[in-house]
Amino acid sequence: MHIHVLQHTPNEGPGSIARWSEKHGHQLTVHHPAHFRDVLPRAEEVDFLVILGGPMSPNDHLPWIAEERALIAQLMAQHKPIFGACFGAQQIAKVLGGKVLDAPYKEVGWAPVQRVSDCIPGLPERMEALHWHEQMFTIPDQAELLFSTALVKNQGFILGNIFGLQFHFEPEADNIREMVANDGEYANDAKNALHQTGATILAHGIPEENQEVMFRLLDYLAKQTN
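Residue numbers for the sequence shown follow the UniProt record's numbering, so the first one is 1 and each next one is one higher.
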């Protein structure tokens, strides 16, 4: 299987998604549409699409953002699995007819997420995830709410072989150090409802189960290609 990853900022890479791909012997290609022109893959090249986070909004009027949504729509029509994190999930939601709005609270740091659906077997009821956002998606028609937090209800959705998470399970330790080193000031903000700084985010460490949960979600999507 050939996995294509859309990465939108240097400090938010595929993390454990690349580890999962290697474990299963898949090919993985990373594209940088925000930094290079005409680098989006052709739909026929993609077996599985991953859309990562970034500081931009799907509501921004940039040509590559619209082109990315056109690719997502093509892959949906071809019933190919798609996973989006943060900005990526917002992009998917827009293609499905949802909206991207300012969230009621800015969430930057570690906070528990609650599973509110049993559609994916084996997921814990409560997990600790990394949040790095101040916008959110509305749940598209026909999609099912998958995760919520105490501050922002719409944290994850699933629709067949498509799902999006507003938060992050994919970062590994080096990824989080990179995020804090380059974008730590985003956390050091009075609007951050989680009241965490870059230093406290680093000190928290990554819960051991996060990679397992990320792998389980990707396994579920990969099975939908059969």
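No residue lacks a Cβ here, since even glycine has one placed at the ideal position from N, Cα and C.
Determine which residues share a DSSP beta bridge with residue 132 and list them. Beta-bridge pairing links residue 132 to 108.
From the DSSP secondary-structure annotation, give me the bridge partner or partners of residue 113. In the DSSP output, where bridge partners are listed per residue, residue 113 has 127.
Kindly list the residues whose CB is nearer than 6 Å to the CB of residue 5, restricted to its own chain and excluding five residues on each side of it in sequence; keep chain order. 14, 30, 50
From 163, 220, 68, 28, residue whose alpha carbon lies closest to that of residue 145: 163
I need the DSSP call for residue 193, collapsed to helix, strand or coil. coil
On the CB-based measure, 16 or more other CB atoms within 10 Å of its CB, does residue 107 come out buried or exposed? buried
Closest Cα partner of residue 58 within the set 135, 186, 118, 152: Of the candidates 135, 186, 118, 152, the one whose C-alpha sits nearest the C-alpha of residue 58 is 135.
Are residue 182 and residue 11 touching if we call contact CB-CB under 8 Å? Cβ atoms of residue 182 and residue 11: closer than 8 Å.
With DSSP run on the structure shown, which of helix, strand or coil describes residue 219? helix
Rounded distance between the beta-carbons of residue 98 and residue 147, thought under 8 Å: Contact annotation, residue 147 with residue 98: C-beta distance approximately 15 Å; criterion of less than 8 Å not satisfied.
Quick check on the DSSP output: the alpha helix (DSSP H) that includes residue 283 runs from which residue to which? The chain is shown from 1 up to 226; residue 283 falls before or after that span and cannot be answered.
So, does the region 84-93 touch the region 27-42, judging by three or more C-beta pairs under 8 Å? no
Among the residues of its own chain, which have a CB less than 6 Å from the CB of residue 2, if the five just before and after it don't count? Cβ within range, chain order: 27, 47.
Using the Cβ count rule (16 or more neighbours within 10 Å means buried), how would you classify residue 8? buried
Decide if residue 54 is buried, meaning its Cβ has at least 16 other Cβ atoms within 10 Å, or exposed. buried
Residue closest to residue 156, alpha-carbon to alpha-carbon, out of 92, 37, 33, 80: Comparing C-alpha distances from residue 156 to each of 92, 37, 33, 80 shows the shortest one belongs to 92.
Looking at residue 190: is its Cβ nearer than 8 Å to the Cβ of residue 198? Taking 8 Å as the cut-off, the Cβ atoms of residue 190 and residue 198 do not count as close.
What does the alpha-carbon distance come out to for the pair residue 115 and residue 104? 20 Å
Does DSSP put residue 38 in a helix, a strand or coil? Reduced to three states, the DSSP call for residue 38 is coil.
Sub-8 Å separation of residue 109 and residue 131 beta-carbons: yes
Within its chain, find whatever has a CB closer than 7 Å to the CB of residue 170; leave out the 5 residues flanking it on each side and keep chain order. 14, 15, 16, 17, 85, 214
Does DSSP put residue 9 in a helix, in a strand, or in coil? coil
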